[in-house]
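Per this note's numbering: the sequence shown = residues 84 to 231.
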Amino acid sequence: MCRITNCRLIYAIGLMCLSSCKLYQQKNGAELQSSRSEWRWNEFAQRWYTLQRDSLSRSWYFSSDSGFRFHPDSGLTAEAGELWIQESKTRANTQHQKVIAATKVSAQNRHSIKQTKNSSLNANYWWFVLLLLIPVVLLWNKIRKLYS
């Protein structure tokens with residue numbers, strides 16, 4: 084009877100370890116995905132403000148749900164979409180500096196969020212160690228009494 088209880092206890096501890104590892108892996112995956120999407124947005128913004136200007140400092144953005152076709156007489160055509168034009172008197176260099184500043188602020192925010200997550204993870208880690216240590220001590224006590 085005692086061996087069955089010990090096997091159940093070991094099984095429960097193993098199951099808790101596996102589930103906590105899986106949760107930790109999912110949390111890291113979500114954090115990585117968030118970081119990647121933020122990087123993509125920053126990359127898009129940088130290209131948008133610096134590379135998408137014509138000689139008159141106009142920004143052009145167009146999107147469509149279908150492919151574009153160009154005809155010399157009618158120009159660029161698509162089935163449906165949108166065209167957005169913005170004219171700005173600022174230089175591309177100024178816009179580039181604004182994007183760099185926004186990226187730095189974003190990186191600082193991401194770093195502070197990561198530090199907050201790490202401190203909460205450390206607190207959770209100690210609770211996990213404590214909860215894992217209690218069954219191990221109880222199991223060791225039972226085994227010691229069994230062989231004494």
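We put the CB at the ideal spot given by N, CA and C, even for glycine.
Treat the numbers as computed from the prediction; the structure is a model and nothing was measured.
### Query
Comparing the CB of residue 155 with every heavy atom of the ligand GTP, is any distance shorter than 7 Å?
No copy of the ligand GTP appears in this structure; indeed no ligand is present at all.
### Task
My understanding is that residue 215 touches residue 96, with C-beta atoms under 8 Å, so please give their C-beta distance in whole angstroms.
For the purposes of this step, residue 215 is taken as the residue at position 132 of the sequence shown. For the purposes of this step, residue 96 is taken as the residue at position 13 of the sequence shown. That belief holds up - the Cβ atoms of residue 215 and residue 96 are roughly 7 Å apart, short of 8 Å.
### Query
Do you know whose CA, among 211, 226, 223, lies nearest residue 104's CA?
Numbered from its first residue, the sequence shown carries residue 104 at position 21. The candidate whose alpha carbon is nearest that of residue 104 is 211.
### Alpha carbon of residue 109 to alpha carbon of residue 120, nearest angstrom
Start at 1 with the first residue of the sequence shown, and residue 109 comes out as number 26. Start at 1 with the first residue of the sequence shown, and residue 120 comes out as number 37. Taking the straight line joining both Cα atoms gives about 17 Å.
### Query
Does the Cβ-Cβ distance between residue 222 and residue 125 come in under 8 Å?
Numbered from its first residue, the sequence shown carries residue 222 at position 139. Numbered from its first residue, the sequence shown carries residue 125 at position 42. Against a cut-off of 8 Å, the Cβ pair of residue 125 and residue 222 comes out as no contact.
### Message
Quick check: what's the CA-CA separation for residue 117 versus residue 100?
### Response
Position 34 of the sequence shown, counted from the first residue, corresponds to residue 117. Position 17 of the sequence shown, counted from the first residue, corresponds to residue 100. Residue 117 and residue 100: Cα-Cα distance of roughly 26 Å.
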